[in-house]
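Student: Numbering follows the working numbering, with no gaps: position 259 of the sequence shown is 261.
Cβ coordinates follow ideal geometry from the N, Cα and C atoms, glycine included.
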Amino acid sequence: MHIPDMMLQGAICPATAALASVGLAGTAYIAYKTKIKPAASLFAGVTALVFAAQMANFPVQIGTSGHLLGATLAVALLGSAFGILAMSLVVLVQCLVFADGGISVLGANMLNMALLASLPAVIVREFYAQTSFQKSAYFAAAFVSTLLAATACAVQLAIAGTAPIQDVLPAMLSLHALIGLAEAGLTVVALVVLSYTVTRVAPHRAWIVPLGFAAVIAIVVSPFASRLPDGLESVAAALRFEHLSGTLFAAPFADYLVPAVNSATLSTALAGFLGICLLFGIAYGTGRMLAQKERER
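1. Hey, residue 281 and residue 49 are a contact pair by Cβ (cut 8 Å); roughly how many whole angstroms apart?
2. If you run the structure through DSSP and keep just helix, strand and coil, what is residue 63?
3. Tell me whether residue 22 is buried or exposed, calling it buried when 16 or more other Cβ atoms sit within 10 Å of its Cβ.
4. Going by DSSP, what residue range makes up the alpha helix (DSSP H) through residue 114?
5. Which of the three DSSP states, helix, strand or coil, is assigned to residue 274?
6. With a Cβ-Cβ cutoff of 7 Å, do residue 286 and residue 46 count as a contact?
7. Please name the residue in 102, 120, 68 whose C-alpha comes closest to that of residue 1.
8. So does the stretch 165–173 actually touch the stretch 48–68, counting three or more Cβ pairs closer than 8 Å?
9. Would you tell me roughly how many angstroms separate the C-alpha atoms of residue 145 and residue 106, rounded to the nearest one?
10. Let me know the beta strand (DSSP E) ranges lying completely inside the stretch 131–188, each 3 residues or longer, listed in chain order.
11. Following the continuous alpha helix (DSSP H) through residue 35, name the residue where it begins and the one where it ends.
12. When you compare only the Cα positions, how much space is there between residue 187 and residue 135?
13. Return the residue from the list 70, 179, 43, 65 that minimises the CA-CA distance to residue 54.
14. Using the rule of at least 16 other Cβ atoms within 10 Å of the residue's Cβ for burial, across every protein chain shown, is residue 354 buried or exposed?
15. For residue 102, which residues in the same chain have their Cβ closer than 7 Å to its Cβ, ignoring the five residues on either side in sequence?
16. Return the chain-ordered list of same chain residues with a C-beta closer than 7 Å to the C-beta of residue 220, the five sequence neighbours on each side being excluded.
17. Going straight from the alpha carbon of residue 291 to that of residue 65, what length do you get?
18. Under 8 Å: do the stretch 109–118 and the stretch 259–273 share three or more Cβ pairs, one atom per stretch?
19. Tell me where the alpha helix (DSSP H) around residue 41 begins and ends.
20. Just the C-alpha distance for residue 296 and residue 35, rounded to the nearest angstrom, thanks.
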């Protein structure tokens with residue numbers, strides 16, 4: 003659901019950038035004040051896992067693919083503030099390093115995929131995390147998360163004049179309802195598997211589990227992921243605004259490929275490896291910085 007450059011133009015770009023900036027600043031402040039923080043290594047491992055999961059597109063219907071958004075998974079594993087921060091780091095690196103999402107619309111993508119998409123999981127985390135229907139609540143949150151991000155994207159496209167709201171909103175929701183069901187199922191499966199495996203390692207080594215899964219997905223699975231257009235690309239083609247997909251920024255590993263490697267399979271695997279290493283390092287540094295701030299208070 004990454005919006006490319008040129009698909010949004012006009013005042014919607016600075017407006018969403020301002021909203022995203024305020025939201026992320028508030029999230030960072032809450033993370034700074036949070037008494038119980040995830041370990042920096044676990045924060046880094048989950049961030050890398052979300053990045054890798056977004057590389058693994060799967061077919062959802064004829065001619066269309068989807069991928070795990072990961073906002074619900076991140077919030078469930080890391081807590082509300084750190085889950086949103088993890089998503090924001092993923093969206094930022096995807097834009098600047100892999101040209102996945104335009105730089106002029108970075109604010110919109112941050113708003114949609116990091117902030118709004120996390121809200122359902124935040125509600126579950128804060129009010130229903132300790133209930134007997136926790137997994138069902140996260141299933142619902144993951145489904146709603148996808149539809150919420152798709153709705154925000156459709157509204158932004160309509161405000162920008164890219165497509166009429168009466169056309170783009172039903173198209174986005176009908177397609178992303180299917181992706182949302184897959185998102186919900188994969189999120190619950192991931193939570194069960196991660197919870198089961200993490201309990202079998204020492205607490206200070208818990209980060210190895212999400213990072214290990216990230217490595218397998220990014221290096222082994224993603225080179226063979228579906229190459230079909232994703233939900234937004236399919237809607238753009240159906241409504242004939244797919245030509246508005248130019249890029250304003252020359253990212254080093256655009257389309258998740260390493261330019262010097264001729265084999266597409268090897269190139270994608272290498273790009274995935276570099277991506278999880280980069281995300282792990284950035285997130286680990288961020289987590290350590292927030293932990294240091296806590297100790298200094």
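Tutor: In terms of the structure at hand:
1. 5 Å
2. Assigned with DSSP and collapsed to three states, residue 63 falls in strand.
3. buried
4. Here residue 114 belongs to no alpha helix (DSSP H), and DSSP marks it neither H nor E.
5. helix
6. yes
7. Because residue 1 is not part of the residues shown, which for the chain are 3 to 299, the question remains open.
8. no
9. 28 Å
10. Within the stretch 131–188, no complete beta strand (DSSP E) run reaches 3 residues.
11. 14–35
12. 15 Å
13. 70
14. For residue 354 there is no data in the structure shown, the boundaries of the chain being 3 and 299.
15. 4, 96
16. 54, 57, 274, 275, 277, 278
17. 44 Å
18. The way I'd put it, the stretch 109–118 doesn't touch the stretch 259–273; fewer than three beta-carbon pairs between them come closer than 8 Å.
19. It is not in any alpha helix (DSSP H) - residue 41 carries neither H nor E in the DSSP assignment.
20. Model confidence at residue 296 stands at a pLDDT of 48, short of 50, so the residue's coordinates are unreliable; what they give is reported in the following sentence. Answer to the nearest angstrom: the Cα atoms are 8 Å apart.
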